[in-house]
Amino acid sequence: MIRVLSLLACVFFLSSVQKKSYRFPWEANKLLQWSDFIGRPDRSTSYSAMANTGISHRYTINSKGFLVKEKSIIQANFYPKLSWYKPNLIDTHTLSHEQTHFDISEVHARMLRKAIAGFKFSRHSQKEVDAIYKPIERSRKAMQIKFDIETEHSQNLEAEMKWERKVRDLLYLYRRWAH
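Rendered as structure tokens:
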């Protein structure tokens with residue numbers, strides 16, 4: 003009986019401990035929550051929050067050097083331990099601004115999926131994948147910077163609304179390449 007109670011207590015304890023993974027992928031029906039941001043805030047900056055997002059890609063190359071497209075996995079990811087916020091500086095617009103950063107990464111993940119799907123690979127697939135990925139990653143980073151500049155890091159609400167609409171339209175445009 004004591005063993006059963008101990009086992010039940012362990013199961014309850016383990017299931018109640020909320021683990022944050024190293025990263026999680028973008029999902030259409032899951033918006034970011036402040037509880038996803040578990041990194042230590044950067045006190046040296048005046049920014050109220052920072053969402054760390056990016057694109058990961060895994061692929062298989064066969065013995066002849068050709069990419070196996072159907073085994074390619076491309077994801078936009080959010081990195082909880084590298085993302086943070088300052089509770090005393092956030093407002094209602096801050097979280098949607100950070101969500102848009104994540105959405106921008108998803109747009110570029112879809113662009114990468116489209117580019118890989120439409121490319122005829124040779125036996126030099128690894129170099130070709132890198133050649134496709136690098137300009138898309140540069141574009142993603144440039145768009146993230148432009149978004150922050152034009153919205154003044156979520157302070158310009160009119161620009162923020164334009165950007166949210168623009169990114170939503172891009173997600174729709176690339177919907178065929180959603181994960």
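3 is the number of the first residue of the sequence shown in our numbering; add one for each residue after it. The C-beta atom is built at its ideal place from N, Cα and C for all residues, glycine as well. From a predicted model like this one, the values you see are computed outputs, not experimental measurements.
8 Å contact criterion, which residue i and residue j should meet: CB distance rounded
{"i": "Lys83", "j": "Gly41", "result": "5 Å"}
{"i": "Phe104", "j": "Leu34", "result": "6 Å"}
{"i": "Ile118", "j": "Ile134", "result": "6 Å"}
CB contact flag (residue i, residue j, <9 Å)
{"i": "Thr96", "j": "Ser48", "result": "no"}
{"i": "Ala51", "j": "Ser23", "result": "no"}
{"i": "Phe68", "j": "Pro27", "result": "no"}
{"i": "Glu166", "j": "Thr94", "result": "no"}
{"i": "Glu162", "j": "His99", "result": "yes"}
{"i": "Trp36", "j": "Met113", "result": "no"}
{"i": "Lys66", "j": "Arg115", "result": "no"}
{"i": "His181", "j": "Ile92", "result": "no"}
{"i": "Ser74", "j": "Tyr87", "result": "no"}
Beta-ladder partner(s) of residue i, from DSSP
{"i": "Pro27", "result": "Asn79"}
{"i": "Met163", "result": "Met163 is not bridged to any residue."}
{"i": "Arg177", "result": "Bridge partners of Arg177: none, in fact."}
{"i": "Ala51", "result": "Tyr87"}
{"i": "His59", "result": "Ile76"}
{"i": "Lys32", "result": "Glu29"}
ask   = What are the uninterrupted segments assigned as beta strand (DSSP E) that are 3 or more residues long and contained completely in the segment 70–146, given in chain order?
value = You should have found no qualifying run.
Q.
Using a Cβ distance threshold of 8 Å, determine whether the segment 53–72 contacts the segment 102–114, with at least three qualifying pairs required.
A. Three or more pairs of CB atoms, one per stretch, sit closer than 8 Å, so the segment 53–72 contacts the segment 102–114.
Sufficient close CB pairs (3 or more, under 8 Å) joining the segment 169–177 to the segment 132–139:
Below 8 Å, too few C-beta pairs join the segment 169–177 and the segment 132–139 to call them touching: fewer than three.
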